Structures are given as structure tokens and as C-alpha cells.
Amino acid sequence: MTDGTIFESIGAWAMGPGLKIIFIVVGAFVVDKIIDGIINRSIEHFVRSRNKSRDPEEIKQRAETLSDVANTSTTVILFFVALMMALPEVGIAIGPLLTGAGVVGLALGFGAQNLVRDFLSGLFIIIEDQFAIGDVIKIGDTAGVVEEMTLRRTVLRDLDGRQHTIPNGNIQVVSNYSKDWAQMNINIPVDYDTNIEHAVSVINKVGEELFQDGSLGPYVIEKPQVLGIDNFGDSSIDIKVIAKTKPLKQWDVTRAFRLKIKMAFDKEGISIPFPHRTIIQKKAK
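Under my numbering, think of the first position of the sequence shown as 448, with each following residue one higher.
In C-alpha cells form, the structure reads like this:
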């Protein structure tokens, strides 16, 4: 076969099947983007209409989670269809291929039970709205921010920057630190010689200041409340204080509250004790 004949064959293929393959790929890409846009708008509208009383940031996280899962699923299906359309153009019959894939899939199905379990668990996690992208959760002994979520896996990023990938089928118990609302829950230690009524009065005053604070006040749903003495420790009396906050803001509120308590205690002369021991020495008879 001469060079001219080869180039003619390549040109004929490029203008025939090759052009069709390019059209299929480009068409699949364009359709995928259009479907993604429709899905994103539809899911955002659906989530907002069903969760009007929730925090806007939480609604946004929920919508992003559902959109990511739906977009990934439609992309896989769409490009599988495009692949099936393109294969005949390169001379591969898809009939025997689909028949063989069905047999192989049946064989693999018996060994892919864990994969099916992961997908089913991920589906129920999304349907039941157990957590979403951006939430802070704890799965077993692993805690972190949900960075990515699919039907098969959940990806967490902890405070040390480590990324944890957890198959959804392995998730038994999930602790969500940012569902609907959160809570500051701290014990404030004071010395045994402290006037407890005075200390409680100072704590309540600091709580009121925090609730009225221009920067942190909007994050506090219910102002700090003193529940009472929580524990008699070795060297301190612990006073329990709680406050309901917006999701993911409990740590910011807690740090600010502790700082204000320290400054107020220093001003009022209330000491925060450190561990100490009293040694009693007896003389031998």
C-alpha cells in the first residue's frame, strides 16, 4: 500500500467514523455540563424549599453534597453510553461485548458484596441527611471535616491536615458536630475558697457580654447558662456552663468565652487553681 493510499484511508476514516467519534465525545461533554447545571439548580431549589428554617450555610452544604453525588452518577452513565456509541465506529460490536460483560458482572457480583454494601450505605446516608460536605463529624475514632462524599466513600480532613478515606459500608456510628445547631459545653474550675455565688454572678455577666458582642453574638443562639457545680475535684470546684450556638461556631464561642472569663476572674480576684497537694507529716512516737 502506497503512502498516498494510506493517507487517503486515514482521511476517509477521519471524515467518517473519526468525525462521528469526535461528535459523540463533544456532544457527551456538552450534554453533561447542561445536565449538571439543571441538577444543581433543581437540587438547590428543592433543598431550600424543604429546609426554609435551617441556616443558609447548612442548606448550601446539603445542596452541594446532593449535587456532587448526582453529577458524578449522571457523568458515569452518560460517558458509558457515549463509549457504547463510539465502539462500533472503530469496528467493535457491542452486542457480544454487553453479553460478555453481563456474564463477567454476574461472576464479579458474588465477590463485590462489600462494594454493593458501600453504595447502599452511601445512598441511605444521603437520603437520611446524616451529614454533608463541610460538616464536622466523627466516625469511630476518626474526626474531621467532610471534604468529599460519594456513594462509595467519605473523605475526612482532621486538624493535623491528614486525609482519611472511609468506605461508607464501614460506617456504623456517626457523630455530627454541626447538625442544625451546636453547643458550648465547658467546666470552669475555681478555688475551694471562692465565693461560688460571686463566681456564678461574674460568669453570668461575661455570658451576657458575649451574647451582646457584635462579632460573636450572632453565632450564639442562647446565651451562656450556668447549670451549677459539676464536680468537686482534687484542687478545684468545677462550674458547668453551656450555650447553644450556630453549627461549627461552638469552638470559636468557647475560646472567646474562656478568654473573657480569665480576664474577668483576674479583675475580680477569683483564682483558677492549679493542681496541688497538702502533705501532713506525723512525728513517730
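We put the CB at the ideal spot given by N, CA and C, even for glycine.
It should be emphasised that the depicted structure is a prediction, and the values quoted were computed from it without experimental measurement.
Answer yes or no: do residue i and residue j have a C-beta to C-beta separation smaller than 8 Å?
i: L525; j: D479; result: yes
i: D627; j: P694; result: yes
i: I580; j: V563; result: no
i: I486; j: A529; result: no
i: N615; j: I572; result: yes
i: K691; j: I668; result: yes
i: N623; j: Q577; result: yes
i: Q697; j: Q630; result: yes
i: R599; j: D565; result: yes
i: S648; j: D582; result: no
Indicate the three-state DSSP secondary structure (helix, strand or coil) for residue i in the structure shown.
i: S662; result: coil
i: V550; result: Interpretation of V550 is limited by its pLDDT of 49, a score under 50 that renders its predicted location unreliable; the figure taken from the coordinates is listed afterwards. Looking at V550 - three-state DSSP - the assignment turns out to be helix.
i: Q728; result: coil
i: D588; result: coil
i: K626; result: coil
i: A703; result: helix
i: Q619; result: coil
i: E575; result: coil
i: L562; result: helix
i: K693; result: coil
i: I635; result: strand
Find the nearest neighbour of residue i within the set the options, judged by alpha-carbon distance.
i: K709; options: V637, G569 and K507; result: V637
i: G661; options: A703, Q630, M631 and V688; result: A703
i: T512; options: G474, S568 and M596; result: M596
i: G680; options: N632, F527 and I719; result: I719
i: R509; options: Q659, K729, I490 and Q619; result: I490
i: D607; options: L657, V473, S648 and T589; result: T589
i: A646; options: M531, G716 and T522; result: G716
i: G587; options: T521, T612, R705 and V516; result: T612
i: V473; options: M532, K507 and V494; result: M532
i: T701; options: I643, G675 and N632; result: N632
i: L657; options: D515, D699 and N642; result: D699
i: I643; options: V477, G675 and I574; result: G675
i: S520; options: Y666, L570 and P665; result: L570
Looking only at its chain, what residues have a beta carbon closer than 7 Å to the beta carbon of residue i, apart from the 5 residues adjacent to it on each side?
i: E655; result: K670
i: N518; result: D483 and I486
i: P722; result: D681 and S682
i: V550; result: Here V550 scores only 49 on pLDDT, less than 50, and its place in the model should not be relied on; the value that follows carries that caveat. Nothing listed; no residue qualifies.
Going along the chain, which residues of its own chain have a beta-carbon closer than 6 Å to the beta-carbon of residue i, five neighbours each way excluded?
i: V653; result: K707, I708 and A711
i: G404; result: For residue 404 there is no data in the structure shown, the boundaries of the chain being 448 and 732.
i: R705; result: none
Less than 8 Å between C-beta atoms, sequence neighbours within five positions excluded: which residues of the same chain meet that for residue i?
i: N634; result: D677, N678, D685, I686, K687 and V688
i: N651; result: P671 and V673
i: L553; result: Residue placement at L553 is flagged as unreliable, the pLDDT there being 49, under the threshold of 50; the coordinate-derived value follows with that caveat. Within the same chain, L553 has no close Cβ partners at all.
i: V494; result: I506, R509, A510 and L513
i: A475; result: L525, F526, V528 and A529
i: Y666; result: T692, K693, K696, D699 and V700
i: N561; result: P614 and G616
Determine the burial state of residue i: buried for a count of at least 16 other Cβ atoms within 10 Å of its Cβ, exposed for fewer.
i: T601; result: buried
i: K714; result: exposed
i: S496; result: exposed
i: S568; result: buried
i: K730; result: exposed
i: L663; result: buried
i: V620; result: exposed
i: V477; result: exposed
i: V523; result: exposed
Please determine whether the Cβ atom of residue i lies at a distance below 7 Å from any heavy atom of the ligand GTP.
i: S625; result: By its list of ligands, the structure shown contains no ligand whatsoever, and the ligand GTP lies outside what it can speak to.
Measure from the C-beta of residue i to each C-beta in chain C and report whether the shortest distance is under 8 Å.
i: I686; result: This model lacks chain C altogether; it includes just one protein chain.
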